[in-house]
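The listed protein sequences derive, respectively, from chains A and B. Add 13 to the 1-based position in the first sequence for the numbering used here, that's all there is to it. Add 2 to the 1-based position in the second sequence for the numbering used here, that's all there is to it. C-beta atoms are modelled at their ideal positions from N, C-alpha and C, and glycine is treated no differently. Report on one structure; see the data block that follows.
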Amino acid sequence: MNPSHSGPALEIQHLTVSYRNRAVLSDLSLPPLLPGQLVALVGPNATGKSTLLRALAQLVPASGQIRWDGQDLLALSSAALARTIGYMPQSLPETAALNVLEVTLTAMQAQNLPASAEQLAAMAVLERLGIDDLALRRLDQLSGGQRQVAALAQAIARDSPILLLDEPTSALDLRHQWRVMNTVRRLADDGHLVIAVLHDLALAAQWADRILVLDRGRLHACGTPQTAITPDMLRTVYRVDARVQRCERGRTVVLIDGPAEETPRA
Amino acid sequence: MTHADGNKPAATVSAAGLRTLGDYRRLMWRRRALVALLVAIALASALTDFVSGPSSLGFADALRGLLDPASLGHGQRVILWDVRLPIAVLAILVGMALALAGMEMQTILGNPLAEPFTLGVSSSAALGAALAIVLGVGVPGVDLSWLVPANAFVFALGALLLLQVLARTHHAGPETLVLFGITIGFAAGALLSLLQFVASEDALQQLVFWTMGSLARADWPSVGLLAAVLAVTLPFSWRAARRLTALRLGDDRARSFGVNVDRLRLWALVRASLLAATAVALVGTIGFVGLVGPHMARLLVGEDHRFLLPASVLCGALLMSLASVISKTLVPGVLVPVGIATSLVGLPVFLALITRRHRRR
C-alpha cells in the first residue's frame with residue numbers, strides 16, 4: 014500500500030483463492046517481501062501453502078493484489094511473468110523422453126537467447142546444483158532425489174528475481190538437502206527473493222530469514238525463526254504439544270511430545 | 003562446487019561442462035543425421051512404390067519414364083503419371099499427415115494412445131462416407147465424384163468441433179477430452195453399423211472397401227489438396243515445437259515457462275483435426291500410422307519436438323509408403339487395401355523398437 018522502502022518488493026494484499034466455491038486463501042495480506050530474503054512458508058497440510066505459490070505464479074485464478082516493483086503481476090504477459098517468476102511445483106517431472114539438459118533448456122525459452130548462450134547458461138545452472146554429471150541422463154533414468162534437483166534447475170534457469178519453490182527438499186537425503194538449501198540460500202544472498210514451502214521446521218529455522226506460518230488459509234504469524242517457531246504456535250496451528258530448543262548459530266530443534274489435547278478431528 | 007557465484011557473470015562453465023555440452027551437440031547432430039536417413043529411406047520407399055505394380059512396366063522402364071516422360075507410349079504414361087506417381091506421393095503425404103496429427107494429439111493430451119482413431123475422428127469420417135454411399139445424403143452443392151470425401155471431411159471435422167465444444171463447456175482436462183473422443187467414436191460406430199444393416203449389398207461392399215482405406219483413388223487433385231493442408235499446418239507446428247516440448251513436463255511447468263497452454267492446445271487440436279480429416283476423407287480410415295509413427299520417432303530421437311516433429315512425420319511417411327508397396331506385392335496382381343498393410347508393416351517395426359529399448363535399459 015505504501016511503498017516506503019526503496020527498491021522492489023513483493024506486495025500481497027487481500028489475496029483470495031477459491032476452489033469450487035471453497036476459499037483456500039481468504040483475504041490474505043502479507044508484509045512486503047524483499048529481494049535477498051529466503052522466506053519459509055510453513056503450516057500443516059492443506060492450509061494453502063502450495064495454493065499461495067500457485068496463485069503467485071498465476072496457475073490458479075486469484076483475486077486481490079500482487080505487485081512486484083510497483084507492477085501489477087496479474088497484468089503481465091505470460092512471457093514477462095516467466096522472466097519474473099521461477100516456479101518449482103511439488104510434483105516431479107513426468108517420464109518424458111528428455112534429458113536433464115534438454116529439460117533445463119526448455120525452461121529457458123521465454124528468454125529468447127541464442128542457442129549457444131542458452132546452452133552455456135543451462136550448463137552453468139546444472140554445475141551450480143552439482144548435477145552436471147546428469148546433464149545427458151534421461152528423466153526416467155533418475156532417482157527421485159535427482160529428479161527433484163533437476164526440477165529445481167528448471168525453476169532457477171531463467172535467473173528470475175522471484176523464486177517459488179514448493180517443498181524443494183522433500184525427496185532428498187541429508188547431504189543433498191544441505192546442498193540444495195545452501196544453493197537456495199546463496200540465490201537469496203545474490204538478490205533473489207526466494208519463497209519456499211518447507212515442512213521441516215528445523216530446516217526452515219536454519220536457512221530462512223523469515224517464517225510465514227499459514228493456518229487454514231490465513232496468516233497466523235510472520236517473523237524470524239525465533240519469534241515464529243514457538244510451542245504456542247505449534248499448539249494452535251499444528252495442534253501438537255512440543256518443546257522448542259535453540260542451539261548454537263540459530264539452529265532449532267523441535268521435539269514433539271504428542272497431539273495437543275482437544276476434540277480429535279477425523 | 004563451481005566458482006560461478008559472482009553477480010550474474012556471462013555463464014561460466016567448467017572444462018568438464020564444456021565437454022558435456024560438446025557431447026550434447028554431437029547428440030543433436032546424431033539426431034539430425036537420423037532425420038536425414040529417414041528422408042532417404044522414405045524417398046527410396048516411394049521410388050520402390052513407383053516402380054512396382056501389376057502392369058508389365060519394369061524397374062528400368064518406370065525409372066526412364068519418370069525422368070523422360072516423352073519416351074513412353076500413351077498407355078504407359080497414363081499408368082506411370084496418373085496412377086503410380088499419385089499413389090506413391092499420396093502415400094507419403096497421408097503418412098505425414100496422420101503421424102503429425104497423432105504426434106500433436108499425443109503431446110497435447112499427454113496420452114500415448116491418442117490418435118485420430120482414438121478420438122473418434124476416423125469413425126465419424128466413416129459415418130459421413132456411409133451416409134453418402136448408402137443414402138446418397140451429402141454436403142449440398144458438392145460434385146458427385148467428391149461427395150464421399152467431402153462428407154467424410156465434414157463429419158471428421160464436426161467430430162473434433164464437437165469435442166472442442168464439449169471440452170469448453172465442461173472445462174474438461176485432457177483425460178476427459180480423451181473420454182469424450184472415445185464416446186464420439188463409439189456413437190459414430192453404432193450409427194455406422196446401423197447404416198451397414200440397412201445398406202444394399204452393393205453399397206455395403208463399397209462401404210467396407212472405403213473403411214479399409216485405399217490409395218487406389220489417388221489422383222492429382224487429392225495430392226494437391228493434402229499437400230496444401232500440410233503446407234499450411236506444418237510451419238505452425240514447427241513454430242510450436244519448443245512449446246510442445248514444455249507441455250510434456252506438465253501444464254504447470256509449461257505455464258511457468260511462459261507458454262500459453264490453452265492457446266497451444268486449441269491450435270494444435272485444430273491443426274491435427276484438419277490433417278486427420280483431410281487424410282481420412284481422401285483415403286478412408288487408416289489406423290496405426292498416427293499411433294505408431296510418433297512412437298517410432300520418440301524411440302529414435304527422444305521428445306525434443308524440434309527433432310520429434312520431423313522424425314514423426316517421416317516415420318509416418320515411411321510406414322505408409324512401405325504399406326503401399328506391400329499392398330501391391332502381398333498378393334500378386336491384387337491391390338490389397340492399404341489399411342490392412344499398414345498394420346502388417348507397422349507391427350513388426352514397432353515391436354522391434356520396443357523390445358530393443360527394453361533390452362538397453
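With 16 other Cβ atoms within 10 Å as the buried cut-off, status of residue i
i, result
"K10/B", "Unreliable placement is indicated for K10/B, whose pLDDT of 46 sits below 50; no coordinate value is reported for it."
"F188/B", "exposed"
"G271/A", "exposed"
"E140/A", "buried"
"A35/B", "exposed"
"I269/A", "exposed"
"A13/B", "buried"
"C260/A", "exposed"
"L102/B", "buried"
"S17/A", "Per-residue confidence for S17/A stands at a pLDDT of 46, beneath the threshold of 50, marking its modelled position as unreliable; the derived number appears in the next sentence. Exposed: under 16 other Cβ atoms inside 10 Å."
"A123/A", "buried"
"G130/B", "buried"
"F238/B", "exposed"
"R358/B", "exposed"
"T108/A", "exposed"
"M3/B", "Legend: pLDDT at M3/B = 35, less than 50; position of this residue unreliable, value from coordinates given subsequently. Looking at its Cβ environment, which holds fewer than 16 other Cβ atoms inside 10 Å, M3/B is exposed."
"I356/B", "exposed"
"Q258/A", "exposed"
"G335/B", "exposed"
"N195/A", "exposed"
"G61/A", "buried"
Residue i vs residue j beta-carbon contact at 9 angstroms
i, j, result
"G289/B", "F157/B", "no"
"T185/B", "L227/B", "no"
"G348/B", "G104/B", "no"
"S47/B", "L324/B", "yes"
"V141/B", "S216/B", "no"
"A170/A", "A120/A", "yes"
"T331/B", "S54/B", "yes"
"V37/A", "L225/A", "no"
"G341/B", "T287/B", "yes"
"H307/B", "P114/B", "no"
"I25/A", "L41/A", "yes"
"Y106/A", "L176/A", "Correcting the residue type first, residue 106/A is Pro in the shown sequence and not Tyr. Going by C-beta atoms, P106/A is not nearer than 9 angstroms to L176/A."
"L86/A", "L69/A", "yes"
"A148/A", "N112/A", "yes"
"V267/A", "A209/A", "no"
"H212/A", "G49/A", "no"
"V193/A", "P174/A", "no"
"Q219/A", "Y26/B", "no"
"V225/B", "L92/B", "yes"
"Q167/A", "F259/B", "yes"
"L128/B", "T213/B", "It should be pointed out that residue 128/B corresponds to Ala in this sequence rather than to Leu. Yes, these two residues count as a Cβ contact at 9 angstroms."
"L164/B", "L277/B", "no"
Per DSSP, cross-strand counterpart(s) of residue i
i, result
"Q26/A", "Q78/A"
"V267/A", "V257/A"
"C235/A", "L225/A"
"L247/A", "Beta-bridge pairing links L247/A to no other residue."
"Y32/A", "R35/A"
"V144/B", "None; V144/B has no bridge partner."
"Q71/A", "Q71/A is not bridged to any residue."
"A53/A", "A209/A, I224/A"
"Q84/A", "W81/A"
"D179/A", "V210/A"
Three Cβ pairs or more, each shorter than 8 angstroms: is that satisfied between the region 28-44 of chain A and the region 188-206 of chain A? no
Please identify, using Cβ separations under 8 angstroms, the residues of the region 255-278 of chain B that lie next to chain A, in order along the chain. R255, R257, S258, F259, G260, V261, N262
Just checking, does the region 56-75 of chain B make contact with the region 20-37 of chain B on the three C-beta pairs under 8 angstroms criterion? no
Can you find at least 3 beta carbon pairs, one from the region 91-102 of chain A and one from the region 129-148 of chain A, that sit closer than 8 angstroms? no
Give a yes or no on contact between the region 264-272 of chain B and the region 323-343 of chain B, applying the rule of three or more CB pairs nearer than 8 angstroms. no
Under 9 angstroms, CB to CB, which of the residues in the region 91-114 of chain A have a partner in chain B? S91, A92, A93, L94, A95, R96, I98, G99, Y100, M101, P102, S104, P106, E107, A109, A110, L111, N112, L114
Would you check if there are 3 or more beta carbon pairs closer than 8 angstroms linking the region 128-136 of chain B to the region 296-312 of chain B? no
Validate contact between the region 212-230 of chain A and the region 239-246 of chain A using beta carbons, cut 8 angstroms, 3 pairs: yes
Does the structure place the region 72-92 of chain A close enough to the region 152-160 of chain A that three or more beta carbon pairs sit under 8 angstroms? no
Any residues in the region 93-104 of chain B with a beta carbon nearer than 9 angstroms to a beta carbon of chain A? Which ones, in chain order? Look at the region 93-104 of chain B: it has no residue with a C-beta under 9 angstroms from a C-beta of chain A.
Would you say the region 13-25 of chain B touches the region 124-138 of chain A, given that touching needs at least three Cβ pairs under 8 angstroms? yes
Where the region 238-252 of chain B meets chain A: residues whose CB sits under 9 angstroms from a CB there: R244, R245, T247, A248, R250, L251, G252
Below 7 angstroms between beta carbons is the criterion; list the residues of the region 111-138 of chain A that meet it against any residue of chain B, in chain order. L111, L114, E115, V116, T119, A120, Q122, A123, Q132, L133, A134, M136, A137
Between the region 206-224 of chain B and the region 82-95 of chain B, do three or more beta carbon pairs fall short of 8 angstroms? yes
Scan the region 301-322 of chain B for residues whose Cβ lies nearer than 7 angstroms to a Cβ of chain A and list them as they occur along the chain. G304, E305, D306
Looking at chain B, which residues of the region 50-78 of chain A have a Cβ within less than 8 angstroms of any of its Cβ atoms? R67, A70, Q71, L72
Mind listing which residues of the region 18-33 of chain B have their C-beta closer than 9 angstroms to chain A's C-betas, in chain order? A18, G19, L20, T22, L23, D25, Y26, R27, L29
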